[in-house]
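Before any comments, here is the structure.
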Amino acid sequence: MGSIPQISVMRGPTPRSELQDGRRLFKLFQQAVDRYPQHTAFIYEGLQKQLTFSELEVKSNRLARALLKQIAEKSPNSDGDYIIALALGASDSLVISLLATWKCGCAYLPLDNNAPPERVRHILSESRPVLVISETDEREKLYKNVGHISYHKLETISVQLPSSPLLDEEIMPSVEDPIEIILYTSGSTGLSKGVRIRNSSIKNRLEWQWKQMPYTSDEQFCVFKTALTFVDSVSEIWGPLLHPGVPRTLLILPRDVTSNPQKLVSILEKYKVGRLLLVPSLLSAILLYLGLSKHNNNKLQNLKLWICSGETLSVPLALQFFENLNSGTQILCNFYGSTEIMGDVTYHIMKCVEDVAVDNKVPIGIPLDNTVLYLLDPDLRIVNAGEIGELYVSGKHLAAGYVNGRDAFRFLESPHTVDPEHKTLFKTGDYARIVKDTLIFEGRTDSQIKVRGNRVDLSEIDSALSQIKGIDKSVALCYSPGEINQQLLAFVLLEDEANMTASDVEFELARTLPKYALPQVVIVQKMPYLVNGKVDRQYLLNYYKQNGREENLLVDEFDFSDVPKGKEIIAECLYKTIISVLGSSVRSKISLKTSFYSLGGNSLNSVYTISKLRENGYIITKDLGEVLTKLSHEDDEEITESNHQNEKYKVEYMDDQHKEDVYRMITESFVKKSDIESKLEPPVQIHEYIPLLDGLWPTLVKQNVSIVARNTEGKLVGVSLIFDDDEEPEVALEPPLSYVLEFLDYVEVPIRENLLPKGKRLHSFMLGTDQQLSAQENIEVTSFLEEKIIQHGKEREYVGIFSTNTNPLTQQLAEMMNYKPIKTYQINQYVALNGQRPFKNLPDSVVSVCCWKQF
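Note that UniProt numbering has the sequence shown beginning at 1, numbered continuously upward.
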């Protein structure tokens, strides 16, 4: 008689919770307040703000009472949930608002400030929150059917309210196991859907984390860097703040740090961070950055626990981790899960190279506490061990379903008796198999993929494509899913009369899809079909592999006209490398005068670019024209930043003798170069700046902080108008220029009054350069002025400098000089006080970035 085959079921440990059942999560925070009132709860790295547990308790109690005043007459949605939507970036105000939301008995729903308006409207209309809290009133029209208040107004109301803990009878009523969080994910019907996360699910996830991966005695700071809309933010924020033992301090990182390996590594070093949760693409970027310079060899030695989640972790990347971090004390973990199952339901721990692979794949591991995993066939029968089946999950991690009962088929009653306490199964849509007592991921059953940890359903892209006029047929695909070179693609066949480019289609998609879900569009002359009438997807992917964007760009979008003789081969290598990294981000012809960042580059993909050039033996600096002259084939040479030739220029404090040149440079710079002024209707004329400068000039000269740059020939070539932030004159102006000043007040005043550190501050107001300068000289002068502003500010003991940049060059320089972005605003969305939209003709890509540099 043969042996009975084992079945594919895995059950995690079943410890009982040590946390009191039925208690809202904020009660755990109050316990920490009682025990450790003076312990620092968080530090907001962006503006160096921090609060102790007792201070956070007071602020959140007051804010909760202010919220209750706003929602007193509101009713729950169709699911019975009281939801408060938060349109706030990572900041101190966000953490206060999260706690306050829980304390008034509601669930929080994060809104992405950069999401297309249509996506936000769908979320709000379906979830029906009782209130939206935003940073400013800028998107008020978007929330017109929902109660809305800015955080600043809410905080003003809260100041006079009691700071004592809220009584149970004060807060909104709730059920035994209430919904604490609503997170929206990509939907297969083209509409994102909201996941309702229970109180018990969050507790179970946190208790497992505290037990399985406890904080060490020297682990004082824990990083919050993941977007709030992503489920991994739950354990990042609440793991430290709700810890039943000695709490840790939450380190809140601005968004720009997350995508910049250099900045991120610096902060992790500064605070001796001991654990980090990250997607594999960010892990790859950090390892590349660490490998670029021998000065990085001893960095991140305190970072013992690295947790990968959100994407497939490849074997080569895991091996690279151990090759680069070879102290023998670092641990790499691979987590698996989704929003519907509290982010993680399995984990695999790797302490050395031997732990990395099983059957040539990194396992997704074994189940967490109070979790049962089933591998089932299409008839919901358990498959035999070693066979591939679809993964179903039961246990405490399951969400309560989707908002408004959407896609109820994903949550079904279990036909099996392995886990009688939890009778609901969640259909993950993933294939897996059990090998050597661990789970191996074997792909998706549907069209979902992960992009930088975000779930993207290709059918959502297909749906967005179908709404664009002029498209005959289209199909969305993913090239090299799960790999570093993964690329979302949309193959498009246009109608005969349609006059559209790939960029036109991508622009239309950006109206409805989030940035991470935007595909590279490939226009095809005909759509290939299989004999069964379906689109031949493999043919299209092979077509892209053989004839991708790089081939087209070599002919049409590379400009070699300025390349010095003998440098053509190096230039072609540089151009090809940039295209291979940026892909569909590229929107213009590439030449030596091109800014890497204007092509769609950012801090994260610049690391990939540098690494690829290193593979060919080259070194890269920041500006492409300078790159070509600096590239060499010396493997041991260090990566260096572009050294601005400061000896070419001298700085002087601005006074009356400079007036004529200053007026000329400011007016010509802003009229000829500024998108804002030139796209107004009617556009701003040079003479209209004179009343503005006349009104500002006496104060500027009196304060003696503005500077000018003079070249070696004695000519003034640049000016930076700077104010002492405590004393700026008001100037009465007429349209259209008045719209510009009104807009700046709109975005700046709330920040300067509420978010900046107290003390003596500088405000960088306007910067202009001589119009006769070459592109390279313009960069040099601008960089020189920015560096001198910082130097002089420090010498005069200012606490820092505030600036709003609308120009890509100054935005790039601010990033290079470690300014902290506080607020990014899409300028064409601004509505003036008179109801007009003066900047409506600006493209969506033109943004203002308010930022702060701490001295």
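Positions of the beta carbon are idealized from the N, C-alpha and C atoms, including for glycine. Remember, predicted model here, so these are calculated numbers, not experimental data.
Measure the Cβ-Cβ separation of L228 and A41 and say whether it is below 9 Å.
no
Run the CB neighbour count on A408, radius 10 Å, all protein chains shown included, and call it buried at 16 or more, exposed below.
exposed
Give the single residue among S60, E786, I461, V403 whose Cα lies nearest to the Cα of A709.
E786
Tell me whether T339 sits in a helix, a strand or coil according to DSSP, three-state version.
helix
Pick helix, strand or coil for E815, following the three-state DSSP scheme.
helix
In whole angstroms, what is the alpha-carbon distance linking P254 and P15?
37 Å
Identify the residues that DSSP records as bridge partners of E413: which are they?
T424
Leaving out five residues on either side along the sequence, give the residues of the same chain with a beta carbon under 8 Å from the beta carbon of I202.
L25, E180, I181, V234, W238, M342
Distance CB(T185)-CB(R455) smaller than 9 Å:
yes
For K823, I'd like the list of residues in its chain whose CB is within less than 7 Å of its CB, leaving aside the five on either flank, ordered along the chain.
E135, V747, I751, C850
As an exercise, report each continuous alpha helix (DSSP H) stretch of at least 4 residues that is fully enclosed by the segment 73 to 111, in chain order.
92 to 103
Among R406, V393, L368, the one whose alpha carbon lies nearest that of W210
L368
Here's the rule I'm using: 16 or more other beta-carbon atoms within 10 Å means buried, otherwise exposed. How should L19 be labelled?
buried
Exposure label - S75; buried when at least 16 CB within 10 Å:
exposed
Cα separation between N404 and I71?
21 Å
Of all the options R381, Y374, F426, which has the alpha carbon lying nearest to the alpha carbon of D398?
In the sequence as displayed, the identity of residue 398 is Leu instead of Asp. For L398, the nearest C-alpha among the options comes from F426.
Whole-number beta carbon distance between L489 and Q525, since they are thought to touch under 8 Å:
Q525 to L489, Cβ: 16 Å. No contact.
Residue of P528, T438, V451 minimising C-alpha distance to G365:
T438
Hey, out of K59, A464, D419, A64, whose CA is closest to S192's CA?
A464
In angstroms, rounded to a whole number, what distance separates the CA positions of N552 and K576?
With a pLDDT of 40 at N552, under the threshold of 50, the modelled position of that residue is not reliable, and no figure is offered here.
Output needed for V701: all residues of its chain with C-beta closer than 8 Å, excluding positions within five of it in sequence on either side, in chain order.
M654, D655, D656
Taking the alpha carbon of L541 as the point to measure from, which residue in Q487, L518, R511 has its own alpha carbon closest?
Q487
Do we get a CB-CB distance below 9 Å when we pair L131 with the residues of chain B?
In summary, chain B is missing from the structure at hand, where a single protein chain is found.
Just list the residues that DSSP pairs H397 with in beta bridges.
Paired residues: none, contrary to the question.
As assigned by DSSP and simplified to three states, the class of M350
strand
Contacts around Y392, its chain only, beta-carbon distance under 7 Å, and the 5 residues preceding and following it disregarded
Y374, L376, L425, F426, K427, T428
Under 7 Å Cβ to Cβ from G386, same chain only, skipping five residues before and after it: list those, please.
R433, I434, V435
Between the Cα of F802 and those of E753, H348, G835, E795, spot the shortest distance and give me the residue it belongs to.
E753
Reference I789; option with closest CA among L813, L86, L154, E728
L813
Can you have a look at C352 and say buried or exposed, based on whether 16 or more other CB atoms are within 10 angstroms of its CB?
exposed
Can you tell me the Cβ-Cβ gap for A87 and L111, rounded? I've got them flagged as a contact below 8 Å.
4 Å
Does DSSP put M213 in a helix, a strand or coil?
coil
Does DSSP classify P240 as helix, strand or coil?
helix
With distances taken between CB atoms, is the gap from L47 to I96 smaller than 9 Å?
no
Touching by the beta-carbon criterion (3+ pairs, under 8 Å), the segment 344 to 362 and the segment 324 to 335
yes
Expressed to the nearest angstrom, what Euclidean distance is found between the alpha-carbon atoms of K515 and L509?
9 Å
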